[in-house]
Every structure is written in C-alpha cells, then in structure tokens.
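J.: Take a look at the following structure, please.
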Amino acid sequence: MNTDVGVARWRELIDAFLEQRERLVRIHPDLYEMSQPNPGATEEQLLAAEARLGYRIPAQYREFLAVADGWSEWNSDVSLLSCAEIGHGTISETEGLGIRLAEGDVLVNWSTDVDWVRIADSDGTYWETFLLHRDSQGYRAGQLMMTPHGDHFYESFEQYLVEELADLTTRLDGEELGPHGKYWGRDLRLDPPTMQQIVERLAALRVEFAELCGDPAPGSPNPGAAPSDIAALEVHLGRPLHREHRELLETADGWPGKPPHPELCGDHRR
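Going by full-length UniProt numbering, the letters in the sequence shown line up with residues 1 to 270, in that order.
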C-alpha cells in the first residue's frame, strides 16, 4: 500500500489540485490567491531532513517530496509542509492524541508522539495531518490521520491526497452554484425557489431529521392564511408586512411542533 506510485501519478494529482485551486480563487477572489507547489526536494535535502528527524521518511511520502517539497495553501488554508518543516510540533500539542469514533469514544490511544511526524497544517486553525513514520500498535508506517478529530485513518499519502481532492472538488461544485445552491442542485441566482418549494423542502427535511433522531413525525405546516386575515394583521401592526413574510403566511399560516416554527398570522396580534 505504501510503495512508490511514480512521478507521473504525483504530477497528475498536483495538476488536479491546481485546477481546483483556480476554481477556488475564481469563486472566492477576496479570500484566496493562486498558489503553486514548491520545486521537488533534492536528495541532499531529504537526507538532511532524515538526519534531523532521526529516521527515514516513508517511501511513498518521500517520493512525493522529491516532486513537490511542500505547498503553501495547497488545499484552501491548509499547507503541505516542506521536508525542512515536517516533524515540528506534536500531536499532543493539538486537541488530543488518539483515533476516535464518531461518538467520541477513543478507538486507539498512542502513549507517545514519537511515532508521528507532522506533514500538513492550516493557517490560523487547528487542522493538522500526521504521518506514522514506523509500524506501531498494529498500524503501518505511511498511514496518516488528521487532528483534532482523529476519526479516520488514511492508508497512504496517496489516499490522503485522493480523498482531500474529492472533498475539495465536491465542495467547489456546490459553491460554484452560489449561496445555498448545492442544497438545491442549481444556481439559485438564476432559478430561485418559490416560497412553496422552500416550505415543502423544509417539511421534508424535518421529517428526515425526526427519523434520524428516532422522534415522532413532526407536524405539517398549516394551510395558507386568508387574505382577510393578513389584511387584519397589517391593520393591527399599523404597517404592511415585508413581501417575503406575507408570501410565507400565504403559503403556511404557522407550523406546529418543534424545532422552532413560524408563528400563526393571528399570533402576531397578541
């Protein structure tokens, strides 16, 4: 699993990340700038890093460093460290040492940090990636995990890049559709949903959420308010309703049950 994969494969992955970086900058020009990987490390630089660390860098990751010796802001704000930077810092300096299940239970604990080498970190946040540089506790050299969650092992550095690339691509696919577009599968700036569609979508999500939690099915939204009731409400308030508020009440005059729900038209007059 952690054998060499070849220079061509690393360049293929690098090119794919560059393509996604260009998309990220295009979508968020005020937040991100274009970034490039560093030139590959020389054998002398790799040997110097290994002398400093006191062990040989796992083969697959070592091969990547010879192609790209680090990459500032490689994935959003996360940087791949150069061979001169790897190893600085420890897992115990982050949010905890161990592999964790989704429920928070500890699956694997490490009694020492010396099995790990830090290879990636983020600018101003706590996301860091650590690589196991030697076999330990049933795990193989070359496997990786991210902190602080530590709830997932990557089998190899290549798999780490592949999964991060897939996550980044999926996220940008949604962000290219504009605000909230990924939840609707279309660009809402070009094709905004109607209030009726929004209410129906929210009702379906509430049912799905209740099923996941094992809760009773939530109540459905009430029928829309009569025009006379909305007119009476505006008289009581002494001002017209906002256009979207009026449209919501015309679609659903209140919504019983929890979580918090829109109030009845008549409730505003209390």
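Glycine included, C-beta positions come from ideal geometry on N, C-alpha and C.
(1) Between the alpha carbons of Ala16 and Val235, how many angstroms are there, rounded?
(2) With a CB to CB cut of under 7 Å and the five nearest residues on each side skipped, what residues in its chain are close to Arg269?
(3) Output yes or no for whether 8 Å exceeds the beta carbon distance between Leu168 and Asn75.
(4) Using the beta-carbon count (16 or more within 10 Å), is Gln143 buried or exposed?
(5) Would you identify the three-state DSSP class for Val78, choosing helix, strand or coil?
(6) Just to confirm, is the Cβ distance from Asp115 to Ala59 under 8 Å?
(7) Return yes when the Cβ of Ala217 is within less than 8 Å of the Cβ of Ala225, no when it is not.
(8) Out of curiosity, what's the CA-to-CA distance linking Tyr32 and Leu177?
(9) Would Met146 pass as a contact of Thr129 if the rule is Cβ separation under 8 Å?
(10) Alpha helix (DSSP H) containing Arg118: first to last residue?
(11) Quick check on this structure: which residue in Asp69, Cys213, Leu248 has the alpha carbon closest to the alpha carbon of Ile230?
(12) The alpha helix (DSSP H) spanning Leu31 covers which residue range?
(13) Taking the DSSP output, what are the residues bridged to Leu132?
(14) Skipping 5 residues on each side, what residues in its chain have a beta carbon closer than 6 Å to that of Ile119?
(15) Out of Leu212, Arg9, Arg201, Asp121, which one is the CA nearest neighbour of Tyr183?
(16) Specify, as a first and last residue, the run of the beta strand (DSSP E) that Thr251 falls within.
(17) In whole angstroms, give me the CA-to-CA distance for His133 and Arg11.
T.: A quick look at the data gives this:
(1) Here the question's residue 16 lines up with position 16 in the sequence shown. Here the question's residue 235 lines up with position 235 in the sequence shown. Ala16 and Val235: Cα-Cα distance of roughly 60 Å.
(2) For the purposes of this step, residue 269 is identified with residue 269 of the sequence shown, where counting begins at 1. Residue confidence for Arg269 is low, a pLDDT of 49 falling below 50, so the modelled location carries little weight; the figure read from the coordinates is stated next. Excluding residues within five positions, the ones whose Cβ falls inside 7 Å are Leu233, His236.
(3) Locating residue 168 in the sequence shown gives position 168, counting from the first residue. Locating residue 75 in the sequence shown gives position 75, counting from the first residue. Their beta carbons are under 8 Å apart, which means Leu168 touches Asn75 by this criterion.
(4) As a first step, residue 143 is located in the sequence shown; it is residue number 143 there, counting from the start. With 16 or more Cβ atoms within 10 Å of its Cβ, Gln143 is classed as buried.
(5) Within the sequence shown, the letter at position 78 stands for residue 78. Three-state DSSP puts Val78 in a strand.
(6) In the sequence shown, the residue the question calls residue 115 occupies position 115. In the sequence shown, the residue the question calls residue 59 occupies position 59. Not closer than 8 Å, so no.
(7) As a working mapping, residue 225 is identified with position 225 in the sequence shown. As a working mapping, residue 217 is identified with position 217 in the sequence shown. No, these two residues do not count as a Cβ contact at 8 Å.
(8) As a working mapping, residue 32 is identified with position 32 in the sequence shown. As a working mapping, residue 177 is identified with position 177 in the sequence shown. So the two alpha carbons sit approximately 18 Å from each other.
(9) For the purposes of this step, residue 146 is identified with residue 146 of the sequence shown, where counting begins at 1. For the purposes of this step, residue 129 is identified with residue 129 of the sequence shown, where counting begins at 1. A contact, by the Cβ cut-off of 8 Å.
(10) Counting from one through the sequence shown, the residue named residue 118 turns up at place 118. Where Arg118 is concerned, there is no enclosing alpha helix (DSSP H), although the beta strand (DSSP E) it sits in stretches over 116 to 122.
(11) As a first step, residue 230 is located in the sequence shown; it is residue number 230 there, counting from the start. Looking at the Cα atoms, Leu248 is the closest of the given residues.
(12) By one-based count along the sequence shown, residue 31 stands at place 31. Neither: Leu31 is in no alpha helix (DSSP H) and is coded neither H nor E.
(13) Sequence index remark: in the sequence shown, residue 132 carries index 132 (1-based). Paired residues: Trp116.
(14) Within the sequence shown, numbered from 1, the residue matching residue 119 stands at position 119. If we look at Ile119 and ignore the five residues flanking it on each side, its Cβ neighbours are Leu81, Ile86, Thr129, Leu131.
(15) Position 183 of the sequence shown, counted from the start, is the residue given in the question as residue 183. Minimum Cα distance to Tyr183 is reached at Arg201.
(16) Working through the sequence shown from its first residue, we reach residue 251 at position 251. First-last for Thr251: 243 to 251, but that is the alpha helix (DSSP H), not the beta strand (DSSP E).
(17) Translated into positions along the sequence shown, residue 133 becomes position 133. Translated into positions along the sequence shown, residue 11 becomes position 11. Cα-Cα distance, rounded: 23 Å.
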